[in-house]
Amino acid sequence: MEKIGNILNKYFVPGLVAVVGLVLLIFSAGQTLGFKLGSIAILVVGVLGTLYVKGKIPAKYQAIVVVFVTLSSLYFAYMDYDVINSKMLREKKIEKVNKHVQQRLKDVRKAQLAYNREHGKYTDSFDSLLHFLKNGELTLIQKYGSLPDSVPTEEMARELGLIQTMPEGMTEAEVVDAGIIVRDTVQVPVLGYVFNDSDRKTRKTKFYVDSLPYVPFADHKFEMATAELDAGGVQQQTFQVIDPKPFEFQHKVGSLTEASTSGNWKE
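Structure (structure tokens):
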């Protein structure tokens, strides 16, 4: 038993180094060339250490082998650690960049939808979009009377039985004229209405209106364009915003070839 213990103690360190190198090499698929070379080197160092312990290396080379094995083990272990750590740091950076770019594109989309609501079209200019957000107003129609704000049309209110006082056969215009439903047009500042308290509570990053044209963590701007499509005989406005120099994945929102305002990532 003592003999087995001595053998284990004798071969434990070089054997462990060899096993580590072998395991790293087996799982090196998809890793960098430096990681693979480091894995092979650790395996070789472990094998040389084992041969040294067994006395298979001539005495005059033993000191050289000891120094080589020690320094090589430390160097390649660090190289493998550095490769793994660099990959993890890059993945974290990709995740961080993606989160900020996606939120910025969502903000541009909200601004474009508000612009389209007020002007009946999208804009291909960030200058126009920022001016609209800072200085523009949205026209809102408020309804008072027996029609709740949660019900968008008088027709739906009739179907739900919410308008009890309306005589049968009256049109929506006649309902308004009769004073059963009162409408009032108001103007509200765009910025405070679109990016309100509710938006600030649900968003993933802070909002800075002047940063809207710029790609987060980069030194360039988004590219924005508009188009007009024929959708079943009806002309429909579209827009697209894209990152021209993506860090990893090219994000975009909207489309110039179809009536879509979705982003090309999982929302």
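FYI, my numbering numbers position 224 of the sequence shown as 205, with every residue one higher than the one before it. Glycine included, C-beta positions come from ideal geometry on N, C-alpha and C. As the structure is a prediction and not an experimental result, all values here were calculated from the model.
Through-space distance from residue j to residue i, alpha-carbon basis
i      : j       : result
Asn245 : Glu99   : 26 Å
Gly235 : Gln216  : 17 Å
Leu143 : Val190  : Residue placement at Leu143 is flagged as unreliable, the pLDDT there being 47, under the threshold of 50; the coordinate-derived value follows with that caveat. C-alpha separation (whole angstroms): 41 Å.
Ser179 : Val(-2) : 57 Å
Pro39  : Val48   : 15 Å
Met69  : Gln218  : 42 Å
Ala10  : Asn177  : 49 Å
Lys187 : Ile21   : 47 Å
Leu52  : Tyr62   : 15 Å
Met205 : Arg71   : 28 Å
Phe249 : Thr242  : Lying outside -18 to 248, the shown extent of the chain, residue 249 is not represented and no answer is given.
Val89  : Leu110  : 9 Å
Leu237 : Leu14   : 41 Å
Ser192 : Arg181  : 16 Å
Limits of the alpha helix (DSSP H) - the one that residue i falls within
i      : result
Phe220 : Careful: Phe220 lies outside any alpha helix (DSSP H), inside the beta strand (DSSP E) at 215 to 223.
Gly173 : 171 to 175
Gly115 : Residue identity check: residue 115 is Lys in the sequence provided, not Gly. First-last of the alpha helix (DSSP H) with Lys115: 107 to 116.
Contact under 8 Å by Cβ, residue i with residue j
i      : j       : result
Thr120 : Thr183  : no
Phe36  : Pro(-5) : A small fix is needed here, since residue 36 is Gly in this sequence, not Phe. No, the pair does not count as a contact, with Cβ atoms beyond the cut-off.
Gly2   : Met60   : no
Leu24  : Leu6    : yes
Phe8   : Val64   : no
Val26  : Lys91   : no
Ile45  : Phe228  : no
His232 : Leu86   : yes
Close-in-space but distant-in-sequence residues of the same chain around residue i (CB under 7 Å, 5 per side omitted)
i      : result
Glu118 : Gln168, Val169, Pro170, Val171
Pro194 : Phe107, Lys202, Phe203
Pro148 : Its pLDDT being 47, under 50, Pro148 is placed unreliably by the model, and the measurement read from it follows with that caveat. For Pro148, where only same-chain residues beyond five positions count, there are no Cβ hits under 7 Å.
Gly214 : none
Lys247 : none
His112 : none
Ala95  : Leu119, Val171, Val175
Asn66  : none
Ala212 : Ala240
Lys185 : Lys80, Gln84
Beta strand (DSSP E) segment containing residue i, residue limits
i      : result
Asp180 : Per DSSP, Asp180 belongs to no beta strand (DSSP E); it is in the alpha helix (DSSP H), 178 to 183.
Asp200 : Counting along the chain, Asp200 falls outside any beta strand (DSSP E), and DSSP gives it neither H nor E.
Gly235 : 233 to 235
Cβ shell of residue i (< 6 Å), same chain only, five flanking positions each side left out
i      : result
Phe220 : Gln93, Tyr103, Thr207, Gly235
Val4   : none
Asn97  : Tyr103
Chain-order list of residues whose beta-carbon lies under 8 Å from that of residue i (same chain, five-residue window excluded)
i      : result
Glu239 : Leu210, Thr219
Residue i Cβ short of 7 Å to the ligand SAM heavy atom set
i      : result
Ser236 : The ligand SAM is absent from the structure shown, which contains no ligand whatsoever.
Handout entry: Contact between the region 74 to 86 and the region 99 to 116 (3+ Cβ pairs under 8 Å)
Key = They do not touch, by the three-pair rule.
Exercise for the section: Decide if the region 192 to 204 is in contact with the region 224 to 238; the criterion is three or more beta carbon pairs, one per stretch, under 8 Å apart. Expected result: With a cut-off of 8 Å on Cβ pairs, the region 192 to 204 is in contact with the region 224 to 238, counting three or more such pairs.
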